[in-house]
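K.L.:
One structure coming up, written as structure tokens, with questions to follow.
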Amino acid sequence: MDSPERHSRPRGKTLHALIDHYGAPDAILGASASDLRRVRGIGPTLSAAITAVNLPEVERALARWQDRGVCVITLDDPAYPPALRMLDDAPPTLFAKGQWPCMTDRAVAIVGTRTASPRALALAQRVAGDLAEQSVTVVSGLALGIDSAAHIGALATTCGMTVAVLGSGLFDIYPPEHAGLAAAIERRGALVCEIRPDARVNTPALVARNRIISGLSQCVLVVQTDADGGALHAARAALGAGAARVLCGRSARQHQRRPGNQCAA
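Per my numbering: the sequence shown = residues -14 to 250.
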């Protein structure tokens, strides 16, 4: 019986299983659906998606994107972040624009609600600036509120680096009012996504990026969050991956007694 499938394309361990079985991407793409289903973790959905790949069309698309400054980072690329590669559901491909690879040895994610208080915004910006001045890469999601404050704080320093993980393609910045901020991040860091650069923003991608944000970081700092906001998804992903969580602001009181949490501010 085929294993249950959570995704319509191979990730992490499933992709490694395919490479171990076939040895090369060309062999994977040349396999039949029935043969693919002999690999652990590959069921009808994934086998159909793999056999439907039009390789010449993919190569043309990659060439177009690279002409527009997109860096394509595959799972076996030396530029692929090592910690992210260890995730069970690691993205098989990352697309980046800007100064990639730009991650320093230390990286901290700063995330939180889109409807942050002025005090929380100021805190996020100040902490991001302090970290950036210590050569720590600031990672966030380019969203309204805490995310943008973190990026701005890092960029306000002389040479701070920041990475924005998008829930949209690189050519469709979301939210659109952050197009200018995204351009600034390209000059002093990178924009990263796992979906096609020409893809539109979508809810699954917005949720899925949280594991990338945490996977790029040694620590996740949650600054003011809703009861079940995306920031907590990133924190849960960090806890599952073995990273520390640092909670501050109003979220600290309700979470500080939970195992693995640290309270700041």
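Backbone N, C-alpha and C fix where the C-beta goes; we use that ideal spot for every residue, glycine too.
Going along the chain, which unbroken runs of the alpha helix (DSSP H) with 4 or more residues stay wholly within the segment -6 to 18?
P.N.:
Listed in chain order, the complete alpha helix (DSSP H) runs (minimum 4 residues) inside the segment -6 to 18 are -3 to 7 and 10 to 14.
K.L.:
Is the beta carbon of Ala105 closer than 8 Å to that of Gly114?
P.N.:
For Gly114 and Ala105, no; Cβs fall outside 8 Å.
K.L.:
When you compare the CB positions of Leu155 and Leu127, do they come within less than 8 Å of one another, or not?
P.N.:
Cβ atoms of Leu155 and Leu127: not closer than 8 Å.
K.L.:
With distance defined between alpha-carbon atoms, name the residue in Tyr7, Ala164 and Val148 nearest to Phe80.
P.N.:
Out of Tyr7, Ala164 and Val148, Val148 has the C-alpha closest to the C-alpha of Phe80.
K.L.:
I need the DSSP call for Thr188, collapsed to helix, strand or coil.
P.N.:
In the structure shown, Thr188 sits in a helix (DSSP, three-state: H, G or I).
K.L.:
May I ask you to list the residues that DSSP assigns as paired with Leu176?
P.N.:
Note: Leu176 sits in a beta bridge opposite Lys82 and Ala149.
K.L.:
Can you give me the start and stop residues for the beta strand (DSSP E) that Thr100 sits inside?
P.N.:
Run containing Thr100: none; DSSP gives neither H nor E here.
K.L.:
Can you tell me whether Asn195 is buried or exposed? The criterion is at least 16 other CB atoms within 10 Å of its CB, across all chains shown.
P.N.:
Classification of Asn195: buried, given that the 10 Å Cβ count is 16 or more.
K.L.:
Considering only residues of the same chain and omitting the five flanking positions on each side of Leu60, which have a CB-CB separation below 7 Å?
P.N.:
Closer than 7 Å at the Cβ level, and outside the excluded window around Leu60, lie Leu0, Arg70, Ala75 and Pro77.
K.L.:
Ser125 lies in the beta strand (DSSP E); which residues open and close that run?
P.N.:
Run containing Ser125: Thr122 to Ser125, per the beta strand (DSSP E) assignment.
K.L.:
Buried or exposed for Asp5, going by 16 or more other Cβ atoms inside 10 Å?
P.N.:
With fewer than 16 Cβ atoms within 10 Å of its Cβ, Asp5 is classed as exposed.
K.L.:
Output needed for Glu171: all residues of its chain with C-beta closer than 8 Å, excluding positions within five of it in sequence on either side, in chain order.
P.N.:
Contacts found: Lys82, Gly83 and Gln84.
K.L.:
If you draw a straight line from the alpha carbon of Leu47 to that of Ala64, how long is it in whole angstroms?
P.N.:
When rounded, the distance between both Cα atoms is 17 Å.
K.L.:
Using alpha carbons as the reference points, say which of Met88, Pro86, Asp132 and Leu151 lies closest to Ser102.
P.N.:
With distances taken between Cα atoms, Ser102 lies closest to Asp132.
K.L.:
Where does Cys144 land, buried or exposed, given buried means 16+ other C-beta within 10 angstroms?
P.N.:
The residue in question, Cys144, is exposed, as its Cβ has fewer than 16 Cβ neighbours within 10 Å.
K.L.:
Thr100 and Gly130 - do their beta-carbons sit closer together than 8 Å?
P.N.:
It is a contact, given that the beta carbons lie within the stated cut-off.
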